[in-house]
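Per our numbering, the very first residue in the sequence shown carries number 78; after that it's consecutive. Working notes, beginning with the structure itself.
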Amino acid sequence: MSVRQRHPRGLYVLFAAEMWERFSFYSMLAMFTLYLQSPTDGFAWTRAQATGLYANYMMFVYASPIIGGLLADWKLGRRRSVMLGAVFFMAGHLLLSIQSLAAVYGALCCLVIGNGFFKPNVSAMVGGLYPEGSPLKDRAYNIFYMGINVGAFLAPVCAELVKSRWGFHPAFAMAAGGMAISLVILAVFKKDIERQVGDRTAAPVVEAREVGDPATAADVGPTPEPRNESDKSSDAKAAAMAKVPDAHRIGALVVIYLLVIVFWMVFHQNGSTLTYFADNNTAWRVSGVISNAINPFFVVTLTFPLVWVWKRLADRKLEPSTPAKMAIGMFLTAVAFYIMYFAGISGGDTGRVSPVWLISAYGVITLGELMLSPMGLSLVSKVAPTRMRSLMMGGWFLATAIGNKLTAIGVYWDEWRHSSFFALLATMALFMAIVLALLLRPLKKAMPGV
78 MSVRQRHPRG LYVLFAAEMW ERFSFYSMLA MFTLYLQSPT DGFAWTRAQA
128 TGLYANYMMF VYASPIIGGL LADWKLGRRR SVMLGAVFFM AGHLLLSIQS
178 LAAVYGALCC LVIGNGFFKP NVSAMVGGLY PEGSPLKDRA YNIFYMGINV
228 GAFLAPVCAE LVKSRWGFHP AFAMAAGGMA ISLVILAVFK KDIERQVGDR
278 TAAPVVEARE VGDPATAADV GPTPEPRNES DKSSDAKAAA MAKVPDAHRI
328 GALVVIYLLV IVFWMVFHQN GSTLTYFADN NTAWRVSGVI SNAINPFFVV
378 TLTFPLVWVW KRLADRKLEP STPAKMAIGM FLTAVAFYIM YFAGISGGDT
428 GRVSPVWLIS AYGVITLGEL MLSPMGLSLV SKVAPTRMRS LMMGGWFLAT
478 AIGNKLTAIG VYWDEWRHSS FFALLATMAL FMAIVLALLL RPLKKAMPGV
């Protein structure tokens, strides 16, 4: 009788819900800075003004999850928090469909609150589908992250089509429709996601296994026998982690948070300076909105091959630790922006260059992102004490928020040479990759088995 671990149905429910939520989120993000600058649909703002508001919005939208995570851990529970966040998201996107500066600020407030409730809790719910030490968590977060990027890919493509025909405001209303689909999915399939490890409002979860015939987390109970090597390895990792004091585990996560701030500062130039480069310095016949589809396209196409590589390496006991994967991701981020440095030089900093430069840079940074962002989510899920998991997931997004605030460096886009701007960001990412690599050994002691 064979024993094979498999992903529970709840993973695919959360995949679909997150896909449509990210569709709405990235539809707005792809258009926002260009919308503010539009003299017809928008408010004729300068690039520096649009970049400044973008940076502040991104800071608050990624800081709010720490409050949403705290409220979920303390009172609301994860699923209720996610549903509440979805409602605020819809309200925010609908407000953006109104041409009014007051509506814009009201919309941003709703989106910040919505993300605070939705983002940390849906991410923590993925980890909550699996028992402690499960070897499936890393791969589950890779699959979940692909769902994020299916939505993120569709968003700018649909936004470009709607915007080019009917304008910005109907395109923002379309984003609200995506959020409505996400809310329906969460409501219809709620039974598949209610069983959560560490959620104060949910029943305990059991791991889905196949024992002779297909089974899922919804219809099997604990199966103590037979046990395979993967089960034993999971137990050993969970036991090793349990021996580490909570303070050491939290301290190690805080170190990771501090180091990845630079990644988010660099990566989230996609909504501002990289969009400006695509709009004004790339030789194609579309607007910069469409460039926001390149990164998620690569995520969707590269995720499963990368998951396959990690699995093959794991079978040979050669898979890098999660912090090591993150260090590699930081290095690839630096390489991507050095590519943009040469793109700037190629175009004399103000001219138009082949789209190949931008597409190549996005391809490299996508590999870096896949080794850093979903791995970071998995790391928090594995290392954070169960009773504080949503709160610590919020801490990850707080680090993202600080990095996003630092994207305000883009206000110098029109003052600096483009090549110099990209070179600075690339060098900062390279420095942090080296620092993270040097800290791998002490981090491993605080986070055994990851």
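Cβ atoms here follow ideal geometry from the backbone N, Cα and C, with glycine treated the same way. A quick note: this is a predicted structure, and the numbers were derived from the prediction, not measured.
Self-check item: residue 270 burial status per 10 Å Cβ neighbour count (16 or more: buried)
Solution: With 16 or more other Cβ atoms within 10 Å, it is buried.
Quiz item: Going by the beta-carbon positions, is the gap between residue 95 and residue 224 smaller than 8 Å?
Solution: Yes, the pair counts as a contact, with Cβ atoms nearer than the cut-off.
Exercise. Note down, in chain order, each residue of its chain lying with its Cβ closer than 7 Å to the Cβ of residue 441, except the 5 sequence neighbours on either side.
Key: Counting only residues of its own chain and dropping the five nearest sequence neighbours on each side, residue 441 has a CB closer than 7 Å to the CB of 409, 412, 413 and 416.
Quiz item: Can we say the region 383-391 touches the region 475-482, given the rule of at least three CB pairs closer than 8 Å?
Solution: Verdict: no, contact absent.
Quiz item: Thinking C-alpha only, which one of 139, 104, 522 and 204 is nearest residue 249?
Solution: Considering only alpha carbons, the answer is 104.
Quiz prompt | Coarse secondary structure for residue 117, derived from DSSP in three states | solution = Note: residue 117 maps to coil in three-state DSSP.
Exercise. State the CB to CB distance for the pair residue 430 and residue 355, rounded to an integer number of angstroms; the pair is presumed to be in contact (CB under 8 Å).
Key: At roughly 11 Å, the Cβ-Cβ gap does not stay under 8 Å, so residue 430 and residue 355 are not in contact.
Self-check item: Cutoff 8 Å; reference residue 593; Cβ partners in own chain excluding five residues on either side
Solution: Outside the displayed span of the chain (78 to 527) sits residue 593, for which this structure offers no information.
Self-check item: Counted within 10 angstroms of its Cβ, other Cβ atoms place residue 325 as buried (16 or more) or exposed
Solution: Its Cβ having fewer than 16 others within 10 Å, residue 325 is exposed.
Quiz prompt | Per-residue DSSP class, three states only, for residue 427 | solution = Collapsing the DSSP output to three states places residue 427 in coil.
Quiz prompt | Neighbour flag for residue 401 against chain D, beta carbons, 8 Å | solution = Absence of chain D from the displayed structure is noted, only one protein chain being present.
Quiz item: Short check: CB of residue 144 to CB of residue 193, under 8 Å?
Solution: Cβ atoms of residue 144 and residue 193: closer than 8 Å.
Quiz item: What residue from 134, 117, 112 and 118 has the CA that sits closest to residue 124's CA?
Solution: Checking every option, the nearest Cα to that of residue 124 belongs to 112.
Practice problem: Please report how far the alpha carbon of residue 178 lies from the alpha carbon of residue 243, in whole angstroms. | Solution: Answer to the nearest angstrom: the Cα atoms are 20 Å apart.
Exercise. In angstroms with no decimal places, state the Cα-to-Cα distance between residue 285 and residue 245.
Key: For residue 285, the predicted structure reports a pLDDT of 40, less than 50, and the residue's modelled location is therefore unreliable. A value from the coordinates is still provided. For residue 285 and residue 245, the distance between alpha carbons rounds to 45 Å.
Exercise. Report yes if the C-beta distance between residue 163 and residue 91 is below 8 Å; otherwise report no.
Key: Result no, Cβ atoms of residue 163 and residue 91 do not sit closer than 8 Å.
Quiz item: Based on the DSSP secondary-structure assignment, which residues constitute the bridge partners of residue 359?
Solution: BP columns for residue 359 point to 430.
Quiz item: Counting along the chain, where does the alpha helix (DSSP H) carrying residue 60 start and finish?
Solution: The structure shown does not extend to residue 60, since the chain is modelled only from 78 through 527, so no value can be given for it.
Quiz item: Hey, quick one: how far does the alpha helix (DSSP H) through residue 271 stretch, first residue to last?
Solution: Careful: residue 271 lies outside any alpha helix (DSSP H) and carries neither H nor E.
Exercise. Can you tell me the Cβ-Cβ gap for residue 317 and residue 526, rounded? I've got them flagged as a contact below 8 Å.
Key: By a beta-carbon distance limit of 8 Å, residue 317 contacts residue 526. Their separation comes to about 5 Å.
Quiz item: Which term fits residue 313, buried or exposed, when burial requires 16 or more other beta carbons within 10 angstroms of its beta carbon?
Solution: That one is exposed.
Quiz prompt | Residue ranges of each beta strand (DSSP E) within the region 196-266, 3 or longer | solution = For the region 196-266, not a single whole beta strand (DSSP E) run of length 3 or above is found.
Quiz item: Which one of 132, 196 and 186 has the shortest CA to CA distance from residue 471?
Solution: Out of 132, 196 and 186, 196 has the C-alpha closest to the C-alpha of residue 471.
Quiz prompt | Backbone secondary structure at residue 283 - three-state DSSP | solution = Caution applies to residue 283, whose pLDDT of 45 falls short of 50 and renders its modelled position unreliable; the value that the coordinates give is listed next. Looking at residue 283 - three-state DSSP - the assignment turns out to be coil, as it is neither helix nor strand.
Exercise. Go ahead and pull the three-state DSSP assignment for residue 342.
Key: Residue state, collapsed to three classes: helix.
Quiz item: Do you know how far the Cα of residue 510 is from the Cα of residue 500?
Solution: Spanning the two alpha carbons is a distance of roughly 15 Å.
Exercise. For residue 187, collect the residues of the same chain with a Cβ closer than 7 Å to its Cβ; drop the 5 residues on either side in sequence, then sort them by chain order.
Key: Excluding residues within five positions, the ones whose Cβ falls inside 7 Å are 165, 168, 169 and 172.
Quiz item: Which whole-angstrom value is the C-beta distance of residue 222 and residue 474, which I expect to be below 8 Å?
Solution: The Cβ separation is near 15 Å, so there is no contact.
Exercise. Leaving out five residues on either side along the sequence, give the residues of the same chain with a beta carbon under 7 Å from the beta carbon of residue 101.
Key: Excluding sequence neighbours, residue 101 sits near 166, 170, 252, 253, 255 and 256.
Quiz item: How about the region 374-381 and the region 121-137: do they share at least three Cβ pairs that are nearer than 8 Å?
Solution: Judged by Cβ distances under 8 Å, the region 374-381 makes no contact with the region 121-137, as fewer than three pairs qualify.
Self-check item: Nonlocal neighbours in the same chain, by C-beta distance under 7 Å from residue 321, ignoring five residues either side
Solution: Cβ within range, chain order: 523 and 525.
Quiz item: Around the Cβ of residue 264, are there at least 16 other Cβ atoms within 10 angstroms (buried) or fewer (exposed)?
Solution: Exposed, because fewer than 16 other Cβ atoms sit within 10 Å of the Cβ of residue 264.
Self-check item: Residue interval of the alpha helix (DSSP H) (run including residue 152)
Solution: Careful: residue 152 lies outside any alpha helix (DSSP H) and carries neither H nor E.
Self-check item: Nearest residue (CA-CA) to residue 443, options 237, 130, 370 and 357
Solution: Out of 237, 130, 370 and 357, the CA that lies nearest to the CA of residue 443 is found in 370.
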